[in-house]
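Heads up: the sequence shown begins at 16 in the working numbering, then just goes up one per residue. Input: a single structure, listed below in structure tokens.
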Amino acid sequence: MAAKQAEQALVERWRGVLALHARTQCEIDRALHRHGLCGSDFEVLDILAQGGGRNGCSYRVQEISERVHLTQSALSRLIARLERDGLLERGMCAEDRRGVRVSLTRKGRALHGEVLPVQRAVLARMLPED
């Protein structure tokens with residue numbers, strides 16, 4: 016009986032995590048919508064703005080995919096859209112001619128700086144410290 020209760024408590028904690036994630040993602044999407052972005056767009060811009068890629072200012076698409084929760088095809092579509100919007104640019108990877116590097120444009124860096132406090136405010140509101 017105790018094992019069953021422990022298992023149910025574990026499942027409830029998991030469902031709580033999922034619900035918090037969903038609510039937070041919706042709030043981020045809502046807050047960023049007026050800036051023409053969604054949460055996934057911001058995550059990619061934020062990763063690129065951090066500049067921690069091996070090249071310092073760009074990331075390989077594979078490096079981005081390891082840090083965002085999108086399928087490879089969804090990430091490729093998102094990158095193509097952000098590139099069309101002038102927020103990032105793609106270039107060939109010097110280390111691997113088949114690879115593609117992605118970096119922020121000046122416009123992308125400016126937009127990221129504008130929306131960073133908006134996204135962080137949502138996180139602070141939705142994920143208060145205990």
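Beta carbons are placed, not taken as given, at the ideal position from N, Cα and C, and that holds for glycine. A quick note: this is a predicted structure, and the numbers were derived from the prediction, not measured.
Is the CB-CB distance between residue i and residue j below 8 Å?
{"i": "A46", "j": "R124", "result": "no"}
{"i": "R116", "j": "S73", "result": "yes"}
{"i": "V130", "j": "L52", "result": "yes"}
{"i": "M141", "j": "T39", "result": "yes"}
{"i": "G114", "j": "R75", "result": "yes"}
For residue i, name the three-state secondary structure that DSSP assigns.
{"i": "G106", "result": "strand"}
{"i": "L142", "result": "coil"}
Kindly give me the distance between the Cβ atoms of residue i and residue j, rounded to whole angstroms, as I take these residues to be in contact under 8 Å.
{"i": "L126", "j": "H50", "result": "7 Å"}
{"i": "G54", "j": "D44", "result": "5 Å"}
{"i": "E104", "j": "S118", "result": "6 Å"}
{"i": "L85", "j": "L93", "result": "7 Å"}
On a CA-only basis, which of the options is nearest residue i? Give me that one, please.
{"i": "V11", "options": "S80, V133 and V26", "result": "Residue 11 falls outside the range modelled here, since the chain spans only 16 to 145, and no answer is possible."}
{"i": "D100", "options": "E78, D56 and R82", "result": "D56"}
{"i": "P143", "options": "L35, A24 and R30", "result": "L35"}
Exercise. Which ranges would you report for the alpha helix (DSSP H) in the stretch 42 to 107 if only whole runs of at least 4 residues count?
Worked result: List check, alpha helix (DSSP H) in window: 54 to 65, 76 to 80 and 87 to 99.
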